[in-house]
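In full-length UniProt numbering, the protein residues as written are 1 to 152. To start, the structure under review is shown below, and the notes come after it.
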């Protein structure tokens with residue numbers, strides 16, 4: 001059975017990634033990791049590989065949901081995790097295909113709302129969403145406000 005980590009702090013996770021340790025986001029839970037890079041951020045969702053050579057330049061991380069990390073057991077598990085990481089990157093890329101920054105922020109918020117509950121999303125800082133799609137944090141704040149108006 002694979003070794004699992006559930007209560008690591010953001011600093012401990014960052015240290016693992018900076019050291020090149022390969023981990024996998026638990027695919028059986030609604031969880032993920034926002035990984036801050038020097039000029040942007042990436043999201044890795046359930047089943048995705050984190051660490052290894054992909055995230056040596058990680059500056060910090062923000063766990064999303066009740067994060068659970070697993071050490072992949074073998075080559076096939078690692079290969080599958082890398083493929084899933086690529087799928088998550090492609091999904092996030094869809095949010096960046098809009099020219100309008102507000103549309104990019106709204107599309108990203110919509111994607112996250114389909115996967116995580118509102119309480120989890122409220123805990124995530126505007127800056128994290130902004131770095132994922134290349135907009136200003138104020139744009140994310142506006143997108144959140146507009147979403148609240150639509151819900152009311």
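Heads up, the beta-carbon is just placed ideally off N, CA and C, and yes, glycines get one too.
Element boundaries [alpha helix (DSSP H), containing residue i]
{"i": "residue 128", "result": "126-133"}
{"i": "residue 188", "result": "With the chain represented from 1 up to 152, any question about residue 188 goes unanswered, as that position is not in the structure."}
{"i": "residue 82", "result": "75-95"}
{"i": "residue 120", "result": "118-123"}
Where the beta strand (DSSP E) through residue i begins and ends
{"i": "residue 44", "result": "41-44"}
{"i": "residue 23", "result": "23-25"}
{"i": "residue 201", "result": "Since the first residue of the chain shown is 1 and the last is 152, residue 201 is not available in this structure."}
{"i": "residue 31", "result": "31-36"}
{"i": "residue 63", "result": "60-65"}
For residue j and residue i, the rounded distance between their alpha carbons
{"i": "residue 129", "j": "residue 111", "result": "11 Å"}
{"i": "residue 76", "j": "residue 83", "result": "11 Å"}
{"i": "residue 138", "j": "residue 89", "result": "24 Å"}
{"i": "residue 61", "j": "residue 10", "result": "6 Å"}
{"i": "residue 28", "j": "residue 66", "result": "11 Å"}
{"i": "residue 135", "j": "residue 5", "result": "32 Å"}
{"i": "residue 43", "j": "residue 103", "result": "19 Å"}
{"i": "residue 2", "j": "residue 30", "result": "18 Å"}
{"i": "residue 109", "j": "residue 50", "result": "22 Å"}
{"i": "residue 123", "j": "residue 99", "result": "27 Å"}
Pair within 8 Å by beta-carbon distance, residue i and residue j
{"i": "residue 69", "j": "residue 24", "result": "yes"}
{"i": "residue 48", "j": "residue 81", "result": "yes"}
{"i": "residue 54", "j": "residue 85", "result": "yes"}
CB-CB length for residue i against residue j, believed under 8 Å
{"i": "residue 133", "j": "residue 96", "result": "5 Å"}
{"i": "residue 107", "j": "residue 126", "result": "Going by Cβ atoms, the distance from residue 107 to residue 126 rounds to 15 Å, so no, they are not a contact pair."}
{"i": "residue 36", "j": "residue 131", "result": "7 Å"}
Same chain, Cβ closer than 8 Å to residue i, neighbours up to 5 away in sequence not counted
{"i": "residue 56", "result": "17, 18 and 20"}
{"i": "residue 38", "result": "57 and 59"}
7 Å Cβ shell around residue i - same chain, five flanking residues per side excluded
{"i": "residue 52", "result": "20 and 22"}
Cut-off 6 Å between Cβ atoms - residues of its own chain near residue i, not counting five sequence neighbours on either side
{"i": "residue 26", "result": "68 and 70"}
{"i": "residue 120", "result": "65"}
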